[in-house]
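Working notes, beginning with the structure itself.
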Amino acid sequence: MKKLFLLPLLCAAMPVQAQEYPVIPGDYITVSMISVEDGHDLEYANHLAGMWRKGQDFAVKQGWITGYEIQTNENKRPGEPDFFLVTRFAKFADPAQEEMREKAYTDFMKSTAAQMQAASSERAKYRTLMGTMLLRAWKWRN
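Last residue of the sequence shown? That's 1165 in the working numbering, and every number before it is there in order.
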């Protein structure tokens, strides 16, 4: 009799466990969408291969980001970006960490905030940041 009473309780508990999400949150992913004026692809690629890569490699070594890559839009339609700059990271920095990272980054790059903004202004003559997205990867639970 007791076994018959427990059977419906066990059956009712099983669907609750099956409703658990099969995925768990993974890295955050930022995607910057960049448009480059005609005739400036090589100039922008040189920037990416130089200053941008140097900074990204430094961030990976520091553990601030888990990875990065460049993707190109091979079948670009009007109004779409040419490049997608993808950066992955596990968690956001708190304000104190952000300040520490900024100092470490500018020291490593041997540049001031004013110099980096001036360089960005020069690139703005031929490239446009069309926007950014913040995504979150999902990983399988098992």
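Backbone N, C-alpha and C define an ideal beta-carbon position, used for all residues, glycine too. If you're wondering where the values come from, they're calculated on a predicted model, not measured in any experiment.
Between Met1074 and Gln1042, the alpha-carbon positions lie close to 47 Å from each other. Gly1078 places its beta carbon 7 Å or farther from that of Ala1160. Thr1053 is not a Cβ neighbour of Ile1088, given a cutoff of 7 Å.
Taking 7 Å as the cut-off, the Cβ atoms of Ser1058 and Thr1155 do not count as close.
Distance from Tyr1067 to Arg1150 at the Cβ level is roughly 6 Å; contact confirmed, criterion being Cβ atoms closer than 8 Å.
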